[in-house]
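Reading through the structure tokens given below for one structure.
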Amino acid sequence: DGYTAESDAAILLQGLDIPDELHSRKMGELQGGQKVRVLLAQALFGHPQALLLDEPTNHLDLDSIHWLQGFLNVYDGVVIAISHDRHFLNSICTHIADIDYQTIITYTGSYDDMVVAKTQVRSQIESQNAQREKKISQLNEFIARFAAGTRSSQVQSRRKEVERLQVTELAKSNIQRPFIKFEQKRPSGKHILEVEHLGKAYGDNQVIRNFTASVTRGERIALMGRNGAGKTTLLNALLANSPTTPNAELRKTSGYDGPFVDSGKVIWGHEASIGYFAQDHRSLIEAGTTAIEWLHQWDEAAVTEELRGILGQMLFQREEATKSTSVLSGGEAARLLFCKLMLQKPNVLVLDEPTNHLDLESINALNISLQRYQGTVFLVTHDHDLIDEVATRIWHFESDHKITDFKGTYEDYQAALVTV
Ligand SMILES: Nc1ncnc2c1ncn2[C@@H]1O[C@H](COP(=O)(O)OP(=O)(O)OP(=O)(O)O)[C@@H](O)[C@H]1O
Ligand SMILES: [Mg+2]
Numbered sequence: 123d124g125y126t127a128e129s130d131a132a133i134l135l136q137g138l139d140i141p142d143e144l145h146s147r148k149m150g151e152l153q154g155g156q157k158v159r160v161l162l163a164q165a166l167f168g169h170p171q172a173l174l175l176d177e178p179t180n181h182l183d184l185d186s187i188h189w190l191q192g193f194l195n196v197y198d199g200v201v202i203a204i205s206h207d208r209h210f211l212n213s214i215c216t217h218i219a220d221i222d223y224q225t226i227i228t229y230t231g232s233y234d235d236m237v238v239a240k241t242q243v244r245s246q247i248e249s250q251n252a253q254r255e256k257k258i259s260q261l262n263e264f265i266a267r268f269a270a271g272t273r274s275s276q277v278q279s280r281r282k283e284v285e286r287l288q289v290t291e292l293a294k295s296n297i298q299r300p301f302i303k304f305e306q307k308r309p310s311g312k313h314i315l316e317v318e319h320l321g322k323a324y325g326d327n328q329v330i331r332n333f334t335a336s337v338t339r340g341e342r343i344a345l346m347g348r349n350g351a352g353k354t355t356l357l358n359a360l361l362a363n364s365p366t367t368p369n370a371e372l373r374k375t376s377g378y379d380g381p382f383v384d385s386g387k388v389i390w391g392h393e394a395s396i397g398y399f400a401q402d403h404r405s406l407i408e409a410g411t412t413a414i415e416w417l418h419q420w421d422e423a424a425v426t427e428e429l430r431g432i433l434g435q436m437l438f439q440r441e442e443a444t445k446s447t448s449v450l451s452g453g454e455a456a457r458l459l460f461c462k463l464m465l466q467k468p469n470v471l472v473l474d475e476p477t478n479h480l481d482l483e484s485i486n487a488l489n490i491s492l493q494r495y496q497g498t499v500f501l502v503t504h505d506h507d508l509i510d511e512v513a514t515r516i517w518h519f520e521s522d523h524k525i526t527d528f529k530g531t532y533e534d535y536q537a538a539l540v541t542v
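Converting from the sequence shown to our numbering requires adding 122 to each position, the first position being numbered 1.
This is the structure we're talking about:
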């Protein structure tokens with residue numbers, strides 16, 4: 123429809139929070155998150171009857187994810203989506219196709235419904251497997267007993283049957299769950315962090331303006347806000363003054379050689395030891411070594427069994443432990459970073475978008491481990507469930523560089539926003 127095409131496109135772009143002044147920009151000039159939104163607008167343009175979405179939430183902030191959920195819920199075509207975001211799946215799906223046991227089973231309902239139904243299917247498959255194994259062992263017993271005897275034709279036919287049963291390999295679940303457990307070598311003092319009138323700008327771009335906050339041991343703070351709001355910049359400012367994060371490490375992961383703090387103060391409390399998962403953590407894992415060697419450098423005293431144990435928990439089994447660091451996938455690199463944190467046992471965790479390369483099982487494992495962790499947590503994520511279930515305090519980066527500091531859960535925060 124040539125008459126309304128331009129205004130339709132503008133409505134879509136606005137809905138996806140692409141401001142007017144960007145509408146005529148080249149794609150190459152857009153930020154990652156904005157680019158994803160434009161691609162989404164392109165897919166939505168012209169009212170297609172079906173949408174195929176491969177990880178659509180990956181580079182979106184929470185507001186945009188909520189927008190997309192609302193959009194898909196009123197969209198009347200067919201949607202086929204791949205996603206690791208449990209909350210997103212639960213809010214948009216009417217069916218889940220689970221790829222496991224070397225087949226695809228479609229369940230009616232949302233993700234959580236699927237988990238319940240699958241547990242039942244799994245016990246069915248497992249009892250079938252058990253019956254088959256029993257049958258095989260009975261046949262083998264017969265063969266062993268009569269192999270040398272006169273019943274050679276019967277033995278022969280049973281041998282064939284065993285072969286047949288064994289060829290149709292027992293269907294196994296290929297979903298593996300990592301086991302993430304964060305411990306503290308020793309707890310920190312009660313007053314873990316004071317931030318006073320912190321300011322940081324890049325040239326004219328004043329990203330952090332006069333931010334003051336006081337953090338107590340055991341608080342779990344979610345940093346929320348749109349792409350480019352300044353979340354990573356704030357974390358860098360905090361870490362640059364930390365007693366345990368070498369500046370060289372920070373330079374590597376941030377790729378920035380200017381000052382991390384322009385004005386104000388960051389004071390870490392007594393015995394604070396900080397574990398850091400950088401948004402761009404890949405640069406920390408140099409090529410040319412192996413997973414286990416890389417891990418070893420973070421605790422020279424650790425013995426091989428301990429390193430292998432931790433790697434195993436994060437699904438680097440046996441020979442995987444000696445995998446070359448130059449071939450690690452995004453997900454593997456993220457899991458290796460978690461190994462580092464599990465080995466270091468810090469009493470503060472600073473995690474900048476740790477879920478980006480994780481699958482749903484791993485995100486659930488991370489969720490549980492953070493809920494159980496006794497230390498203090500600073501967490502940047504766009505995963506709704508993770509914020510909802512982990513955070514005890516919210517730092518919301520709003521427009522005009524204001525950071526709202528809310529002492530309560532995300533649910534309380536949303537409720538407070540509605541009543542204001
Ligand atoms: N090295 C740099 N030089 C100049 N400007 C920068 C630099 N790093 C970040 N910025 C700018 O500072 C602002 C905040 O960036 P920051 O990376 O802190 O945002 P963020 O909230 O972490 O975003 P995202 O959700 O995309 O990770 C952005 O406008 C960004 O363009
Ligand atoms: Mg960031």
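Using N, Cα and C, we set each Cβ at its ideal position, and we do this for glycine too.
- Gln276 and Ser295 have their alpha carbons spaced roughly 35 Å apart.
- Within the same chain, and ignoring the five residues on either side of Ala203 in sequence, the residues whose Cβ sits closer than 6 Å to its Cβ are Leu175.
- Secondary structure at Lys524: coil, using DSSP grouped into helix, strand and coil.
- The DSSP-derived three-state label of His169 is coil.
- Around the beta carbon of Arg273, fewer than 16 other beta carbons lie within 10 angstroms, which makes this residue exposed.
- Around the C-beta of Arg286, fewer than 16 other C-beta atoms lie within 10 Å, and the residue is accordingly described as exposed.
- Ordered along the chain, residues surrounding ligand 1 are Tyr324, Val329, Asn349, Gly350, Ala351, Gly352, Lys353, Thr354, Thr355 and Tyr378 [Cβ under 5 Å from any heavy atom].
- Under the three-state reduction of DSSP output, His188 falls in the helix class.
- In the three-state reduction of the DSSP assignment, Trp390 falls in the strand class.
- Gly380 and Ala323 have their C-alpha atoms roughly 10 Å apart.
- For Gln401, the distance from the CB to the nearest heavy atom of ligand 2 is below 6 Å.
- Inclusion of Asp142 and Thr179 in the CB contact set at 7 Å is not warranted, their separation being larger than that value.
- Scanning the segment 337-382 for uninterrupted beta strand (DSSP E) segments of 3 residues or longer gives 342-347, listed from N- to C-terminal end.
- DSSP, reduced to helix, strand and coil, places Gly453 within a helical segment of the structure shown.
- Secondary structure at Glu318: strand, using DSSP grouped into helix, strand and coil.
- Checking the DSSP bridge columns, you'll see Phe399 partnered with Leu473.
- CA-to-CA, the gap between Phe528 and Phe333 works out to about 14 Å.
- Looking from the CA of Ala163, the closest CA among Leu134, Asp185 and Leu501 belongs to Leu134.
- DSSP places Thr230 within a strand segment (E or B) once states are collapsed to three.
- Nearest neighbour of Arg339 by Cα position, chosen from Asn369, Tyr378 and Leu315, turns out to be Leu315.
- Take the alpha-carbon of Leu458 and the one of Glu341: they are about 25 Å apart.
- According to the DSSP secondary-structure assignment, His217 is paired through a beta bridge with Thr230.
- Between Leu211 and Val201, the C-beta gap is not smaller than 7 Å, which leaves the two residues out of contact.
- Contact check for Thr367 against Leu361 passes: the beta carbons are separated by less than 7 Å.
- Per DSSP, Thr498 is not a residue of any alpha helix (DSSP H); the beta strand (DSSP E) it occupies stretches across Thr498 to Val502.
- It is roughly 24 Å from the alpha-carbon of Glu415 to the alpha-carbon of Gly377.
- Listed in chain order, the non-local C-beta contacts of Gly199 below 6 Å within the same chain comprise Gln171 and Ala172, local neighbours out to five positions each way being set aside.
- Around the Cβ of Ser491, a 10 Å sphere holds 16 or more other Cβ atoms; the residue is buried.
- By the neighbour-count definition (other C-beta atoms within 10 Å, threshold 16), Met464 is a buried residue.
- Here Ala132 carries a helix assignment [DSSP, helix/strand/coil].
- With respect to the 7 Å criterion, Ala409 and Thr444 are not classified as neighbours on the basis of their beta carbons.
- Of the residues Asp220, Leu138, Ile407 and Phe382, the one whose Cα lies closest to the Cα of Gly453 is Ile407.
- Shown here, Ser446 sits in a strand according to DSSP, grouped into three states.
- Taken atom to atom, the span from the alpha-carbon of Asn363 to that of Phe399 is near 16 Å.
- In the three-state reduction of the DSSP assignment, His506 falls in the helix class.
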